[in-house]
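2 protein chains.
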Amino acid sequence: MTTDYETLRHADLPQVRAAIRAGRYHSHTAGLGAGYLQANLAILPSAYALDFMRFCQRNPKPCPLTGVSDTGNPMMFTLGRDIDIRTDVPAYNIYRDGKLAGSATDITDVWTDDMVAFALGCSFTFEDALMRAGIPMWHIDNDTTVPMFRSSIETVPAGPFRGKMVVSMRAIPRDRLDEVRDISRRYPLAHGGPVHWGDPAEIGIADPTRPDWGDPAPIPDGHVPVFWACGVTPQVALEAASPPICITHKPGHMLITDIAEDAETPVLPPENNET
Amino acid sequence: MTTDYETLRHADLPQVRAAIRAGRYHSHTAGLGAGYLQANLAILPSAYALDFMRFCQRNPKPCPLTGVSDTGNPMMFTLGRDIDIRTDVPAYNIYRDGKLAGSATDITDVWTDDMVAFALGCSFTFEDALMRAGIPMWHIDNDTTVPMFRSSIETVPAGPFRGKMVVSMRAIPRDRLDEVRDISRRYPLAHGGPVHWGDPAEIGIADPTRPDWGDPAPIPDGHVPVFWACGVTPQVALEAASPPICITHKPGHMLITDIAEDAETPVLPPENNET
Numbered sequence: 001m002t003t004d005y006e007t008l009r010h011a012d013l014p015q016v017r018a019a020i021r022a023g024r025y026h027s028h029t030a031g032l033g034a035g036y037l038q039a040n041l042a043i044l045p046s047a048y049a050l051d052f053m054r055f056c057q058r059n060p061k062p063c064p065l066t067g068v069s070d071t072g073n074p075m076m077f078t079l080g081r082d083i084d085i086r087t088d089v090p091a092y093n094i095y096r097d098g099k100l101a102g103s104a105t106d107i108t109d110v111w112t113d114d115m116v117a118f119a120l121g122c123s124f125t126f127e128d129a130l131m132r133a134g135i136p137m138w139h140i141d142n143d144t145t146v147p148m149f150r151s152s153i154e155t156v157p158a159g160p161f162r163g164k165m166v167v168s169m170r171a172i173p174r175d176r177l178d179e180v181r182d183i184s185r186r187y188p189l190a191h192g193g194p195v196h197w198g199d200p201a202e203i204g205i206a207d208p209t210r211p212d213w214g215d216p217a218p219i220p221d222g223h224v225p226v227f228w229a230c231g232v233t234p235q236v237a238l239e240a241a242s243p244p245i246c247i248t249h250k251p252g253h254m255l256i257t258d259i260a261e262d263a264e265t266p267v268l269p270p271e272n273n274e275t
Numbered sequence: 001m002t003t004d005y006e007t008l009r010h011a012d013l014p015q016v017r018a019a020i021r022a023g024r025y026h027s028h029t030a031g032l033g034a035g036y037l038q039a040n041l042a043i044l045p046s047a048y049a050l051d052f053m054r055f056c057q058r059n060p061k062p063c064p065l066t067g068v069s070d071t072g073n074p075m076m077f078t079l080g081r082d083i084d085i086r087t088d089v090p091a092y093n094i095y096r097d098g099k100l101a102g103s104a105t106d107i108t109d110v111w112t113d114d115m116v117a118f119a120l121g122c123s124f125t126f127e128d129a130l131m132r133a134g135i136p137m138w139h140i141d142n143d144t145t146v147p148m149f150r151s152s153i154e155t156v157p158a159g160p161f162r163g164k165m166v167v168s169m170r171a172i173p174r175d176r177l178d179e180v181r182d183i184s185r186r187y188p189l190a191h192g193g194p195v196h197w198g199d200p201a202e203i204g205i206a207d208p209t210r211p212d213w214g215d216p217a218p219i220p221d222g223h224v225p226v227f228w229a230c231g232v233t234p235q236v237a238l239e240a241a242s243p244p245i246c247i248t249h250k251p252g253h254m255l256i257t258d259i260a261e262d263a264e265t266p267v268l269p270p271e272n273n274e275t
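Right, here's the structure in full:
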């Protein structure tokens, strides 16, 4: 028995998590668990964990680290009271030697006691904030995927992790540019402020109407193309590192955490703390 | 030949770094390299690096990670174009098995190719911002060290790293409390917003006039004691972990980076980037 999107849209967070965990919901998480931080996922063998963490620290805009598991422990205890990373994401992609090898809705039989799980902030958080400020998001209003481009901006490498930064583009009315920059800078765990605005060629994008990932979106008169660091960047870096195994969320199918979207830090205090 | 504090106070950053590197300056760095981010230092054997990084990610207020070296590479290339962590801090403490074993002004002969260096944000940044807003800092005006206390707040453990959070206290006029909270929250890499304000007993501090570290400071009428997470917390966690060797800065003797204090992220872009 499956649960449909419309039902879950009006459900609370425990109900959403229960449906995902029980395998009753396998679809995207946009608009679910309103008010709670959603995260991208990367699971790696422990031998790669220190370099990947360094890569995230050095590239905080594309890779805003919001949580790290203990080695071999699937419970992401800093992000929720009972999040089991093996079952609590609606769909996973499994890469072997850097190549997509399959997908799954439960990775209990793939998880090993040598693995480390990383949660990275995603753009939902700042898009929500922009829409609350009355900035339209064309791709959301038109039910498409935001356009994404491989830019010429180099990431800062760490061990085998390296590559160009992937950026997402949103067309913003020229007179609201400063406001958009200020609002998105307030969300460093959701890619922060834009990395570029104006001429796409300056960051190596020849044609802004032909994205490398996602769907095309218009740049109407009076609008400026604004580019944010994108969560596809770590996937490109993971392909470059080509670990024997790596598990990610399926794009759009995020981990929904217990952390409020406007929390100052993405960490639950230990349960024995009184403050 | 040594350089004195008053001379360096009016020097630019390259001159300050050159004096420190050449061993001509061994004293504290408050007020030096104005406008640049200063950082606490912890150097550990690589076997401890992943757990220490997890500890920092899980405790971002006391341990705001601003830079991590490659294993065995003493050049902190994300924090400056030529920072050599073996020579560019005015004074170091060396711990063996968790106990202070000595101090040094140069650690070239102690550094090994198995070591990882971590830079952590410090309170100078938010104190500067508060003073610019006209909030007096009693300990600075009176040339004392801020009072610090071992609180009852538990850190989130990671491997062998654990312990109570150490907090620093500043007395703030009651009518400026909201403003102080808002300003300091803007500096997540400098301990962020306060962790507590009001009754010290609520976080296990029996007598706010008797600090565990630093000097006592008054709480005048109309003022509220405000507590921030403190950079001594990782030192307590390092003692708990008791690695065979650990090197830190000597308190007050910080690493001065090339990063602007108000930078959105504490990372220099690779030199080959055009943007």
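Taken in sequence, the protein lines are chains A and B. Using UniProt numbering, the first residue of the first sequence is number 1, and each one after it goes up by one. Using UniProt numbering, the first residue of the second sequence is number 1, and each one after it goes up by one. Backbone N, C-alpha and C fix where the C-beta goes; we use that ideal spot for every residue, glycine too.
- Residue environment analysis places residue 220 of chain B among the exposed positions, since fewer than 16 neighbouring C-beta atoms fall within 10 angstroms of its C-beta.
- For secondary structure counted as the alpha helix (DSSP H) over 4 or more consecutive residues, the region 175–207 of chain B holds these complete runs in sequence order: 177–185.
- Using a 10 angstroms sphere on the CB of residue 242 of chain B, the tally of other CB atoms stays under 16, which defines it as exposed.
- Check the Cα spacing between residue 120 of chain B and each of B:135, B:157, B:76, B:180: the tightest is with B:76.
- Within chain A, not a single residue places a beta-carbon under 9 Å from that of residue 166 of chain B; the smallest gap is close to 15 Å.
- Taking every protein chain shown into account, the CB of residue 54 of chain B has 16 or more other CB atoms within 10 angstroms, so this residue is buried.
- From the listed residues B:158, B:162, B:182, B:145, the smallest Cα separation to residue 133 of chain B is found for B:182.
- Separation of residue 156 of chain B and residue 215 of chain B (C-alpha to C-alpha, rounded to the nearest whole angstrom) is 28 Å.
- By the criterion of a C-beta distance shorter than 8 Å, residue 248 of chain A is surrounded in its chain by 40, 41, 42, 43, 92, 93, 95, 235, 238, once the five residues flanking it on both sides are discounted.
- Interface criterion not met: the Cβ of residue 163 of chain A is under 8 Å from no Cβ in chain B.
- Leaving aside the five residues that flank residue 23 of chain A on each side, the residues in its chain whose CB is nearer than 7 Å to its CB run, in chain order, 105, 106.
- Taking C-alpha positions only, residue 232 of chain A is separated from residue 60 of chain A by approximately 13 Å.
- When C-beta atoms of the region 262–272 of chain A are compared with those of the region 1–14 of chain B, fewer than three pairs fall below 8 Å, so the two segments do not count as touching.
- Shown here for residue 21 of chain A: same chain residues with a beta carbon closer than 8 Å to its own, the five before and five after excluded, namely 84, 87, 88 in chain order.
- Distance from residue 147 of chain A to residue 169 of chain A at the Cβ level is roughly 5 Å; contact confirmed, criterion being Cβ atoms closer than 8 Å.
- If only complete runs of 3 or more residues are kept, the region 55–126 of chain B shows the beta strand (DSSP E) at 65–68, 92–96, 99–104, 115–121, in order along the chain.
- Sequence-ordered contacts of the region 54–65 of chain B with chain A read 54, 57, 58, 60, 61, 65 [C-beta pairs closer than 7 Å].
- Residues of the region 168–197 of chain A that bring their beta carbon within less than 8 Å of a beta carbon in chain B comprise 185, 188, 192, 193, 195, 196, in sequence order.
- At least one CB atom of chain B sits nearer than 8 Å to the CB of residue 264 of chain A.
- Secondary structure at residue 44 of chain A: strand, using DSSP grouped into helix, strand and coil.
- Per DSSP, reduced to three states, the secondary structure at residue 255 of chain A is strand.
- Bridge partners of residue 249 of chain A according to DSSP: A:92.
- At least 8 Å separates the CB of residue 248 of chain B from every CB of chain A.
- When the five nearest sequence neighbours on each side are left out, the beta carbons in the same chain lying within less than 8 Å of the beta carbon of residue 198 of chain B are those of 224, 225, in order along the chain.
- About 19 Å separates the Cβ atoms of residue 180 of chain A and residue 62 of chain A, ruling out a contact at the 8 Å cut-off.
- Against chain B, the beta carbon of residue 68 of chain A has neighbours under 7 Å at 54, 57, listed in chain order.
- Taking 8 Å as the threshold, the shortest C-beta distance from residue 39 of chain B to chain A does not fall below it.
- Per the coordinates, the alpha-carbon of residue 141 of chain A lies some 55 Å from the alpha-carbon of residue 250 of chain B.
- Distance from the CA of residue 98 of chain A to the CA of residue 37 of chain B, rounded to the nearest whole angstrom, comes to 38 Å.
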